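Quick notes on the structure that follows.
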Amino acid sequence: MSLVARHLEEAGIPTVVVGSARDIVEQCGVPRFLFTDFPLGNPCGAPYDVAMQSAIVGMALDLLESAKAPRTTVQTPFRWHNDDWRRDFMRVDGEDIDELRRLGEERRAQQALSRRE
Amino acid sequence: MSDPIHPDHRIFVSYIDKSREYYTAQGYTNPYRWAYHQDAPFVPLRRALGEARIGIVTTASIVDDDDEPAPFSVPRVVFSAPTDPPPERLYTMHRSWDKVATHTDDLESYLPIHRLQEAAAAGRIGSLSPRYYGAPTEYSQRKTTEADAPELLRLCREDGVDAALLVAL
């Protein structure tokens, strides 16, 4: 998505990326980035939290007006209700290493199948 | 709300580190090379936000109503679809969001069309584009920059989009 933002911006359309994977977006380098420190999936606000979603959309729109230079990142003030996801997402530890290897085999088989279709 | 984040720790998760370790553990041998640029383009908004037409781009996909496709079988294509009425359902399972911690049942949490319609009704923006746009997440950065991004630009221009929100799941 960051590469698309760069392309639109280069063509004269101002963009703001709204997301939760800060390192990936900032490594790519985008004009404007609104960051919410949530588990991946709800970068525009927690499900069914209309007030939060309005605030985040409002901040994204504000950024279109206020940014003065590329690579402008603004972080929203919201926090997820716990921090377990920071550790648990894509977790790799000794106990589940066989299971991860099995998932990898399964994933490669699906990928090979989709390439043949 | 949990306690404030401890300032001794970097607070945000590194998905570059996490995904590298995760896929290495799955037996993939070449770590993904994430896009990296030192600079970034920038153009200012050329008209007042209250007069501007805003477009929105998602990484979710449209599939047939009763379809639960295998993640790798979803066509990797750029698409556009009406914002009015907003979609009731989109397919997201092929994207690597956190399926344990959360869900994507509320489309407004990643494609806030209603929130943008409210912003238009309140005069905060001029209008919401009549269509929203879908961008596939591609392993190939070349396909994104040489095929998908130019097609998304064409769609945005066709709809007179003045500025765009791009929301990655």
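For the protein sequence lines, the chains are U and P, in the order given.
Note that this note's numbering gives residue 16 to position 8 of the first sequence, counting from 1, and the numbers run on in steps of one.
Note that this note's numbering gives residue 63 to position 17 of the second sequence, counting from 1, and the numbers run on in steps of one.
Think of the CB as a built atom: it goes at the ideal place given N, C-alpha and C, for glycine as much as any other residue.
The structure presented is a predicted model; accordingly, all values stated were derived computationally and were not measured.
#1: To the nearest angstrom, how far is it from the Cα of residue 145 of chain P to the Cα of residue 18 of chain U?
#2: Quick one: any contact between the stretch 58-67 of chain U and the stretch 151-164 of chain P, if contact means 3 or more CB pairs under 8 angstroms?
#3: Applying the 10 Å Cβ sphere with the 16-neighbour rule, what's the burial state of residue 102 of chain U?
#4: With distances taken Cα to Cα, identify the nearest neighbour of residue 82 of chain P among U:44, U:79, U:116, U:36.
#5: Check this for me: beta carbons of residue 205 of chain P and residue 98 of chain P, under 9 angstroms apart or not?
#6: Count the C-beta pairs between the stretch 128-145 of chain P and the stretch 165-179 of chain P that are closer than 8 angstroms, then say yes if the count reaches three, no if not.
#7: Could you pull out every residue in the same chain whose Cβ sits closer than 7 angstroms to the Cβ of residue 48 of chain P, ignoring the five residues on either side in sequence?
#8: What are the start and end residues of the beta strand (DSSP E) that includes residue 127 of chain P?
#9: For residue 82 of chain U, go through chain P and note every residue whose CB falls closer than 9 angstroms to its CB, in chain order.
#10: Just mark residue 140 of chain P as buried or exposed, buried being the case when its beta carbon has 16 or more other beta carbons within 10 Å.
#11: So, does the CB of residue 60 of chain P fall closer than 9 angstroms to a CB anywhere in chain U?
#12: Using beta carbons (cut-off 9 angstroms, strictly below), is residue 67 of chain U in contact with chain P?
#13: Applying the criterion that 16 or more other CB atoms from any shown protein chain within 10 Å of the CB defines a buried residue, is residue 156 of chain P buried or exposed?
#14: If we cut at 9 angstroms on Cβ distances, does residue 196 of chain P have a partner in chain U?
#15: In terms of residues, what are the limits of the beta strand (DSSP E) holding residue 179 of chain P?
#16: Looking only at its chain, what residues have a beta carbon closer than 8 angstroms to the beta carbon of residue 111 of chain U, apart from the 5 residues adjacent to it on each side?
#17: Which residues does DSSP pair with residue 41 of chain U in a beta bridge?
#18: What are the boundary residues of the alpha helix (DSSP H) that residue 70 of chain P is part of?
#19: Between which two residues does the beta strand (DSSP E) harbouring residue 102 of chain P extend?
#20: For chain U, is any of its Cβ atoms less than 9 angstroms away from the one on residue 173 of chain P?
Result, derived from the coordinates:
#1: C-alpha of residue 145 of chain P to C-alpha of residue 18 of chain U: approximately 34 angstroms in a straight line.
#2: They touch, by the three-pair rule.
#3: Taking every protein chain shown into account, the CB of residue 102 of chain U has fewer than 16 other CB atoms within 10 angstroms, so this residue is exposed.
#4: The shortest C-alpha separation from residue 82 of chain P is found at U:36.
#5: In this structure, residue 98 of chain P does not lie closer than 9 angstroms to residue 205 of chain P by Cβ.
#6: With a cut-off of 8 angstroms, the stretch 165-179 of chain P and the stretch 128-145 of chain P count as touching, because enough Cβ pairs lie within range.
#7: Confidence at residue 48 of chain P is low in this model, with a pLDDT of 49, below 50, so its placement is unreliable and the value that follows should be read with caution. Within the same chain, residue 48 of chain P has no close Cβ partners at all.
#8: Start and end: 125-128.
#9: None at all; the shortest Cβ gap to chain P is about 13 angstroms.
#10: Buried.
#11: Yes - at least one Cβ of chain U is within 9 angstroms of the one on residue 60 of chain P.
#12: False, the Cβ-Cβ gap to chain P never drops below 9 angstroms.
#13: So residue 156 of chain P counts as buried.
#14: With 9 angstroms as the cut-off, residue 196 of chain P counts as an interface residue toward chain U.
#15: Element bounds for residue 179 of chain P: 177-180.
#16: None.
#17: According to DSSP, which records beta bridges pairwise, residue 41 of chain U is partnered with U:25, U:81.
#18: Residue 70 of chain P: member of the alpha helix (DSSP H) spanning 61-71, first to last residue.
#19: 99-104 is the extent of the beta strand (DSSP E) around residue 102 of chain P.
#20: By this cut-off, residue 173 of chain P is not an interface position.
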